[in-house]
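Read the structure below first, then the notes.
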Amino acid sequence: MADTTSSRPPTSGPAASRPGARDIARWPRLTPLRFTLLVAAGAVLLASIGDVAPSADRLIGAVPRMGSLLERMLPPETDPAFLGRMGLRLVETLQIALVGTLFGILLSFPLAWLSAAGLSPLGRLRWLARGTVSLFRTVPDLVWALFFVSAVGLGAIAGTLTIIVDTAGFCGRFFAEAMEDSDKRPREALEAVGARKLDILASAVVPQCMPSFVNTSLFALELSVRSSVVLGIVGAGGIGQELKSAFELFQYPKASAIILAIFVIVLVMEQLTDWLRRRLG
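Residue numbers for the sequence shown follow this note's numbering, beginning at 419 and rising by one.
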């Protein structure tokens, strides 16, 4: 008697319940085009490794130089005049991060609302707001810093403007996603009684999304503190300017003191934001 059992993969039973069976079934077929693209991507990756990856000889040769540099960086500088100047720069760095994050978050709210699908009052033109968020988010912060340094000059104002744009791009994207993923039933009920879009946003969307907004904002603050440290290297204010000067003038003990201070500030900020998440969560 001929075997009438189907040769198709089982959709139930032990074979279908094996770990990874469904994941393997969902993998895309390896067509000739996909295979060619995969080989091309692998070739580009291998060529890139050969061009930019450090060789073993160079790494081994750099070990004595790195050891010598670390030796010259220790002990860190403890001159009171230098520490006072460094303290002022650290305060400026935190001011840049805090003020830039605050205004960036305020800017990200309308951008997120205008770009959120199903909520934006712009309709099909919401891509204008979404494109603005993408522009803010995809351009690196150092590029924005160079732009603002050229526009407004050296100093903390350029750094603050950079953090505002960077934060608006980061928070704008995640705020919009949180709005789009919110429960539609409350806003549909308000729409049914003729509520305005702004009233729907304030009454039905923002209360649902507030925990996500808080978490995203705190994470943005952490990123802003790190970014504000680096921005000074291109003249946008903060402790980065002191660090750049210390390395350029071969004042390695001062550089190590600045690096240690940066480490402490970033660590304290991470602990603070974690504590706030727990308290507000």
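A virtual CB, placed ideally from N, CA and C, is assigned to each residue, including glycine.
Which residues in the same chain as residue i place their Cβ atom closer than 6 Å to its Cβ, once the five residues preceding and following it in sequence are excluded?
i	result
residue 608	618, 622
residue 540	532
residue 547	529, 532, 533
residue 439	At residue 439, the pLDDT of 49 sits below 50, so the modelled position is not reliable; the number obtained from the coordinates is stated separately. Counting only Cβ-Cβ distances below 6 Å, and skipping sequence neighbours, we find nothing.
Among the options, which one has its Cα closest to the Cα of residue i?
i	options	result
residue 600	582, 614, 629, 585	629
residue 563	656, 688, 605, 552	656
residue 710	491, 592, 453, 505	One cannot answer for residue 710 here, as it falls past the ends of the chain, which runs 419 to 699.
residue 493	690, 671, 605	671
residue 558	528, 548, 642, 503	642
residue 654	669, 678, 581	581
residue 693	491, 525, 632, 512	632
residue 636	460, 556, 695, 550	695
residue 673	660, 482, 561	660
residue 518	679, 677, 675, 586	586
residue 625	491, 611, 677, 602	602
residue 496	462, 669, 488, 650	669
Where do the ends of the alpha helix (DSSP H) carrying residue i lie?
i	result
residue 647	624 to 649
residue 475	474 to 491
Can you give me the Cβ contacts of residue i inside the same chain, cut-off strictly under 7 Å, excluding the 5 residues immediately before and after it?
i	result
residue 605	618, 622, 623
residue 697	none
residue 645	559, 581, 584
residue 508	657, 679, 683
residue 550	529
residue 500	672
residue 691	636, 639, 640
residue 652	560, 563, 564, 567
Are there 16 or more other CB atoms within 10 angstroms of the CB of residue i, so buried, or fewer, so exposed?
i	result
residue 504	buried
residue 533	buried
residue 510	buried
residue 531	buried
residue 735	Outside the shown range of the chain, which is 419 to 699, sits residue 735, and nothing can be said about it.
residue 611	exposed
residue 491	buried
residue 515	buried
residue 460	exposed
Can you list, in chain order, the residues of its chain whose CB lies under 8 Å from that of residue i, leaving out five sequence neighbours each side?
i	result
residue 627	593, 596, 597, 600
residue 638	519, 522, 523, 585, 588, 589
residue 512	643, 646, 683
Does the beta carbon of residue i sit closer than 8 Å to a beta carbon anywhere in chain C?
i	result
residue 617	Checking the listed chains, one finds no chain C in this structure; it contains a single protein chain.
ask   = Residue ranges of each alpha helix (DSSP H) run of no fewer than 4 residues wholly in the stretch 593 to 617, ordered along the chain?
value = 602 to 610
request  = Would you mind listing the beta strand (DSSP E) stretches within the stretch 652 to 686 that are 3+ residues and don't spill past its ends, in chain order?
outcome  = none
message = For a minimum of 4 consecutive residues, which ranges assigned as the alpha helix (DSSP H) are wholly contained in the stretch 507 to 582?
response = 544 to 556, 559 to 570
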